[in-house]
Amino acid sequence: AQTVTQSQPEMSVQEAETVTLSCTYDTSESDYYLFWYKQPPSRQMILVIRQEAYKQQNATENRFSVNFQKAAKSFSLKISDSQLGDAAMYFCAYAGGGADGLTFGKGTHLIIQP
Amino acid sequence: DGGITQSPKYLFRKEGQNVTLSCEQNLNHDAMYWYRQDPGQGLRLIYYSQIVNDFQKGDIAEGYSVSREKKESFPLTVTSAQKNPTAFYLCASKRGLGGQETQYFGPGTRLLVL
Chain A
105 AQTVTQSQPE MSVQEAETVT LSCTYDTSES DYYLFWYKQP PSRQMILVIR QEAYKQQNAT
165 ENRFSVNFQK AAKSFSLKIS DSQLGDAAMY FCAYAGGGAD GLTFGKGTHL IIQP
Chain B
54 DGGITQSPKY LFRKEGQNVT LSCEQNLNHD AMYWYRQDPG QGLRLIYYSQ IVNDFQKGDI
114 AEGYSVSREK KESFPLTVTS AQKNPTAFYL CASKRGLGGQ ETQYFGPGTR LLVL
């Protein structure tokens, strides 16, 4: 079975600074996909960024980028120029090659200090 | 507007009572999912369905049942056999059956036991 581990229950960053959230996973599959979801206080789950395991290039979406280290099974999220609206729970998630559901980590609570 | 709707937003269950949570999508997505979220935890998969009239158990299916009579609808029933039903329930869907497809989430239902 796949597992996803987020070792930072809470992180704090000053507004406009950069923060990195960590995620490691364990799998024996070769075909898989990784996601970061954001859950603000409204509790709506919002996709932040995704990465295909077969792609060597790290995914980027505006201020959000990932550092995907396949051999180390690591998938960290970097948020540049942090904004107050970035404050939320961030969940790392894993999907295998089929239609099975996502496997989630326990989340990191990100606090933005003004 | 296209999207995923869940109702009700809040639901109260009495001891020994079955309750049903609604999930509807108008995105023409093939696969649908139910997740449970407990405080301080990530999401855990309850059931999923890839096609009408077919569904599979997830990691924590005991005490729950589902149906998929229409492509757009995937209701979840929390039965009296579920001894600890208090949680936040999230429904999700995705377009295809491959792992590369992104799951999109509804706004959730908060279930409380009286």
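These protein sequence lines map, in sequence, to chains A and B. First residue of the first sequence: 105, per my numbering; consecutive thereafter. First residue of the second sequence: 54, per my numbering; consecutive thereafter. Cβ coordinates follow ideal geometry from the N, Cα and C atoms, glycine included.
Any contact of the region 155-172 of chain A with the region 59-78 of chain B, i.e. 3+ C-beta pairs under 8 Å?
In short, these stretches do not touch, since the Cβ pair count stays below three.
By DSSP, does residue 206(A) sit in helix, in strand, or in coil?
Residue 206(A): coil per DSSP, three-state reduction.
Going by C-alpha distance, which of 85(B), 97(B), 56(B) is nearest residue 124(B)?
For the set 85(B), 97(B), 56(B), the Cα lying nearest the Cα of residue 124(B) is the one of 85(B).
Please state the DSSP three-state secondary structure of residue 130(A).
Looking at residue 130(A) - three-state DSSP - the assignment turns out to be strand.
Are the C-beta atoms of residue 158(B) and some chain A residue less than 9 Å apart?
Closer than 9 Å to the CB of residue 158(B) there is at least one CB belonging to chain A.
Ignoring anything shorter than 3 residues, give me the beta strand (DSSP E) runs that lie fully in the region 145-210 of chain A, in order along the chain.
Every unbroken stretch of the beta strand (DSSP E) spanning 3 or more residues and falling wholly within the region 145-210 of chain A is given here in chain order: 150-156, 168-173, 178-183, 192-200.
Best match in 104(B), 120(B), 144(B) for proximity to residue 78(B) [C-alpha to C-alpha]:
Check the Cα spacing between residue 78(B) and each of 104(B), 120(B), 144(B): the tightest is with 144(B).
Would you check if there are 3 or more beta carbon pairs closer than 8 Å linking the region 196-216 of chain A to the region 125-139 of chain A?
Taking 8 Å as the limit for Cβ pairs, the verdict is that the region 125-139 of chain A does touch the region 196-216 of chain A.
For residue 124(B), decide whether its Cβ has a neighbour in chain A, counting only Cβ atoms nearer than 9 Å.
Not closer than 9 Å to any Cβ of chain A, the Cβ of residue 124(B) fails to qualify, so no.
State the start and end residues of the unbroken beta strand (DSSP E) segment that holds residue 147(B).
First-last of the beta strand (DSSP E) with residue 147(B): 140-147.
Does residue 121(B) come out as helix, strand or coil in the three-state DSSP assignment?
The answer is coil: DSSP assigns residue 121(B) none of H, G, I, E or B.
Within this structure, are the beta carbons of residue 90(B) and residue 101(B) separated by less than 9 Å?
Not closer than 9 Å, so no.
Going along chain A in order, which residues have a C-beta closer than 7 Å to the C-beta of residue 84(B)?
In chain order: 203.
Along chain A, in chain order, which residues have C-beta atoms closer than 8 Å to that of residue 141(B)?
Correct list: 147.
Against chain D, does residue 103(B) count as a neighbour if the rule is that its beta carbon must be under 9 Å from one of theirs?
Checking the listed chains, one finds no chain D in this structure; the protein chains it contains are A and B.
Name the chain A residues whose beta carbon is nearer than 9 Å to that of residue 94(B)?
Contacts between residue 94(B) and chain A, judged by CB atoms closer than 9 Å, involve 208, 210, 211 in chain order.
How far does the beta strand (DSSP E) with residue 215(A) in it reach, from first residue to last?
Going by DSSP, residue 215(A) is part of the beta strand (DSSP E) stretching over 212-217.
Using only the alpha-carbon positions, how far apart do residue 146(A) and residue 93(B) sit?
C-alpha separation (whole angstroms): 15 Å.
If the cut is a Cβ gap below 8 Å, which residues of chain B does residue 135(A) touch?
Simply 152.
Buried or exposed: which applies to residue 190(A), given that a residue is buried once 16 or more other Cβ atoms fall within 10 Å of its Cβ?
By the Cβ-count criterion, residue 190(A) is buried, with 16 or more other Cβ atoms from all chains shown falling within 10 Å of its own Cβ.
For residue 154(A), which residues in chain B fall below 8 Å Cβ to Cβ?
The contacting residues are 155.
Residue-chain proximity (residue 215(A), chain B), Cβ-Cβ < 9 Å:
Chain B has no Cβ within less than 9 Å of the Cβ of residue 215(A).
Starting from the Cα of residue 206(A), find the closest Cα among 135(B), 161(B), 147(B) and give me that residue.
The option with the nearest alpha carbon to residue 206(A) is 147(B).
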